[in-house]
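Structure record follows, encoded as structure tokens.
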């Protein structure tokens, strides 16, 4: 059977979309990314080449789009490994099962969350469902049958999958279905203590606390991380109205990577633009800078699209004079960072691309240009005087995927 029965009711397009939109990110270990970060990045521990990750991602997508089986994935895996020359850790059968089933289960259950949010007015309850065979974890067996409102905090940490190889799932229910089946809403989730687990992250011992029935790194809701908490309209509105509520999930800054406190100064390749007074003038200028209504740049192997009318409608008129520098920042950046951020209200996680370059401008002044990308599109353009080092260094957070200081 191509797709396991517990996943069959989930719309394929939600799961496919989640996997397809995940950014390829090389990592040494699975713990290099933590919890919600995995909802935004496609990683395979030890796979350090982007072309290798691209091939593995496409092989996983075949399982979602075409219903290929684990055996078929293993054939593709053998071909990819032979072509790319990857020496992976672990046995072939164990490694392929982990890659294939983990990605499918996370994608399907994230899709189920999105589906449940859109139907929550009609089906406001969620019931935890374990497989109940000899492979079921004891705590997952206790979770089985837990029936709570969809907005109960327990679902933020216990939405499946809840560990490596976890086959649990959920079903959503209406009031009428509860009465027909004779089920009652649980007064409380099953009692559960938290336990300490010691892992290794970036070569250091690292202790975390997790519910005893959940593997370390799995006590999060992949659907909230990918889609947000609420309907799509509510999530978009909350994020639009609360632009300052994004907080970094990373703790690393430029010092942690032995980068210098300043960027090299480059000569600007073009003259600064004229000041504009109206949105119509700004739209014309942005079209001149990018050569039309749409442009695309490859930034450290990641695509960044520019939607010119949208950009002209959202940036401030005062930024017009430095717009001609943006194509150079994207084409020849000095630093490129990836930073995972969580929205404080909705729980939605995004992977922010941040591109930096500094220029020597007239009269002894220097300028730092910071371009942010989100979901493959240019999102914001910010400029700082070089002298305001503390302000622009705050943008050097997360992990650098390119740093040129020659």
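In my numbering, the protein residues as written are 6 to 411.
Glycine residues also receive a C-beta, built at the ideal position from the N, C-alpha and C atoms.
- Query: Hey, which unbroken runs of the alpha helix (DSSP H) at 4 residues or more fall wholly within the region 272-309?
  - Reply: 284-295
Could you have a look at residue 394 and say whether DSSP puts it in helix, strand or coil? Locating residue 394 in the chain shown gives position 389, counting from the first residue. Residue 394: helix per DSSP, three-state reduction.
*8 Å contact criterion, which residue 225 and residue 41 should meet: CB distance rounded*: The sequence position of residue 225 within the chain shown is 220, counting from 1. The sequence position of residue 41 within the chain shown is 36, counting from 1. That pair is a contact at about 5 Å.
Discussion item. Quick check: the Cα distance between residue 173 and residue 130, rounded to an integer number of angstroms?
Written reply: In the chain shown, the residue the question calls residue 173 occupies position 168. In the chain shown, the residue the question calls residue 130 occupies position 125. The straight-line gap from Cα to Cα measures roughly 17 Å.
message: So the candidates are 152, 38 and 22; which of them puts its Cα closest to the Cα of residue 343?
response: Along the chain shown, one-based indexing puts residue 343 at 338. The residue with the shortest Cα to Cα distance from residue 343 is 38.
Residue 410 classed as buried or exposed, judged by whether at least 16 other C-beta atoms fall within 10 angstroms | As a first step, residue 410 must be located in the chain shown, where it is residue number 405. Exposed, since its Cβ has fewer than 16 Cβ neighbours within 10 Å.
| Quick one: what's got a C-beta closer than 7 Å to residue 89's C-beta in the same chain, skipping five residues either side? | As a position in the chain shown, residue 89 is number 84, starting the count at 1. The answer, listed in chain order, is 54, 56, 57 and 60.
- Message: Between which residues of its own chain and residue 221 is the CB-CB distance below 7 Å, once the five residues before and five after are set aside?
- Response: In the chain shown, residue 221 corresponds to position 216, counting from 1. 202, 204, 213 and 215.
Please report the straight-line C-alpha distance between residue 1 and residue 107, rounded to a whole angstrom.
Beyond the ends of the chain as shown, which are 6 and 411, falls residue 1; an answer cannot be given.
Nearest residue (CA-CA) to residue 142, options 134, 235 and 171 | Numbered from 1 along the chain shown, position 137 holds the residue referred to as residue 142. The shortest C-alpha separation from residue 142 is found at 171.
In the structure shown, what three-state DSSP assignment does residue 139 receive?
Here residue 139 is taken as the residue at index 134 of the chain shown, counted from 1. If DSSP states are grouped into helix, strand and coil, residue 139 belongs with coil.
ask   = When DSSP labels each residue in this structure, what does residue 132 get in the three-state scheme?
value = In the chain shown, counting from the first residue as 1, residue 132 sits at position 127. In the structure shown, residue 132 sits in a strand (DSSP, three-state: E or B).
inquiry  = Could you give the first and the last residue of the continuous beta strand (DSSP E) run that contains residue 319?
reply    = On the chain shown, position 314 is the one that residue 319 refers to. Residue 319 -> not in any beta strand (DSSP E); alpha helix (DSSP H) instead, spanning 313-319.
Quick check: residue 150 and residue 255, are their CB atoms within less than 8 Å of each other?
For the purposes of this step, residue 150 is identified with residue 145 of the chain shown, where counting begins at 1. For the purposes of this step, residue 255 is identified with residue 250 of the chain shown, where counting begins at 1. In this structure, residue 255 does not lie closer than 8 Å to residue 150 by Cβ.
request  = Please work out which residues of its chain come closer than 7 Å, Cβ to Cβ, to residue 302, disregarding the five sequence neighbours upstream and downstream, and give them in chain order.
outcome  = The residue given as residue 302 occupies position 297 in the chain shown. For residue 302, where only same-chain residues beyond five positions count, the Cβ hits under 7 Å are 309, 335 and 336.
Q) If residue 91 and residue 52 are in contact, beta carbons under 8 Å, what's the gap, nearest whole angstrom? A) On the chain shown, residue 91 is found 86 positions in, with the first residue counted as 1. On the chain shown, residue 52 is found 47 positions in, with the first residue counted as 1. Right, their Cβ atoms sit about 7 Å apart.
Handout entry: Given 8 Å, three or more beta-carbon pairs between the region 68-88 and the region 119-129
Key = no
Whole angstroms are fine: how far does the CA of residue 63 sit from the CA of residue 218? Within the chain shown, numbered from 1, the residue matching residue 218 stands at position 213. Within the chain shown, numbered from 1, the residue matching residue 63 stands at position 58. Whole-angstrom Cα-Cα distance: 32 Å.
inquiry  = Given this structure, state the Cα-to-Cα distance separating residue 374 from residue 198, to the nearest angstrom.
reply    = Against the chain shown, residue 374 aligns to sequence position 369. Against the chain shown, residue 198 aligns to sequence position 193. About 49 Å.
Please specify which runs of the beta strand (DSSP E), each continuous and at least 3 residues long, are wholly inside the region 45-119, giving them in chain order. none
- Assign residue 272 to one of two classes, buried (16 or more other C-beta atoms within 10 Å of its C-beta) or exposed (fewer than that). As a working mapping, residue 272 is identified with position 267 in the chain shown. Label assigned to residue 272: exposed.
* Check whether the Cβ atoms of residue 406 and residue 341 lie closer than 8 Å to each other. => Residue 406 sits at position 401 when you count from the first residue of the chain shown. Residue 341 sits at position 336 when you count from the first residue of the chain shown. Going by C-beta atoms, residue 406 is nearer than 8 Å to residue 341.
Practice item. Determine which residues share a DSSP beta bridge with residue 378 and list them. Key: As a position in the chain shown, residue 378 is number 373, starting the count at 1. Partner(s): 358 and 383.
Original post:
Does the distance from the CB of residue 390 to the CB of residue 333 come in under 8 Å?
Top reply: Working through the chain shown from its first residue, we reach residue 390 at position 385. Working through the chain shown from its first residue, we reach residue 333 at position 328. Not closer than 8 Å, so no.
Handout entry: Residues near residue 111 in its chain [Cβ-Cβ closer than 6 Å; skip 5 each side]
Key = As a position in the chain shown, residue 111 is number 106, starting the count at 1. So the qualifying residues of the chain are 227.
- Task: State yes or no: is the C-beta of residue 66 within less than 8 Å of the C-beta of residue 103?
- Result: Taking the first residue of the chain shown as position 1, residue 66 is located at position 61. Taking the first residue of the chain shown as position 1, residue 103 is located at position 98. Contact flag unset, no.
List the endpoints of the continuous beta strand (DSSP E) containing residue 410. Here residue 410 refers to the residue found at position 405 of the chain shown. Taken as a continuous stretch (DSSP letters only), residue 410 belongs to no beta strand (DSSP E), as it is neither H nor E.
Query - C-beta neighbour in chain C for residue 336, strict 8 Å - result: In the structure shown, chain C does not exist; there is a single protein chain.
message = Using the Cβ count rule (16 or more neighbours within 10 Å means buried), how would you classify residue 137?
response = As a working mapping, residue 137 is identified with position 132 in the chain shown. Looking at its Cβ environment, which holds fewer than 16 other Cβ atoms inside 10 Å, residue 137 is exposed.
- Query: Is it buried or exposed for residue 408, if we count other Cβ within 10 angstroms and need 16 for buried?
  - Reply: To locate residue 408, count along the chain shown from 1; it is residue 403. Buried, because 16 or more other Cβ atoms sit within 10 Å of the Cβ of residue 408.
_Counterpart residues of residue 348 in DSSP-defined beta bridges_ = Along the chain shown, read from residue 1 onward, the residue named residue 348 stands at position 343. 251, per the DSSP bridge assignment.
Local Cβ density within 10 Å of residue 184, reported as buried at 16 or more and exposed below that
If you number the chain shown from 1, residue 184 lands on position 179. Its Cβ having fewer than 16 others within 10 Å, residue 184 is exposed.
Please list the terminal residues of the continuous beta strand (DSSP E) segment that includes residue 125. For the purposes of this step, residue 125 is identified with residue 120 of the chain shown, where counting begins at 1. No beta strand (DSSP E) holds residue 125; DSSP gives it neither H nor E.
The alpha helix (DSSP H) enclosing residue 182, as first and last residue numbers: Residue mapping note: residue 182 aligns to position 177 of the chain shown, counting from 1. Residue 182 -> alpha helix (DSSP H) spans 180-186.
With residue 48 and residue 75 assumed to form a contact (beta carbons below 8 Å), what rounded beta-carbon distance in angstroms separates them? By 1-based counting over the chain shown, the position of residue 48 is 43. By 1-based counting over the chain shown, the position of residue 75 is 70. 20 Å between Cβ atoms; not a contact.
Q.
Using a Cβ distance threshold of 8 Å, determine whether the region 257-264 contacts the region 277-292, with at least three qualifying pairs required.
A. no
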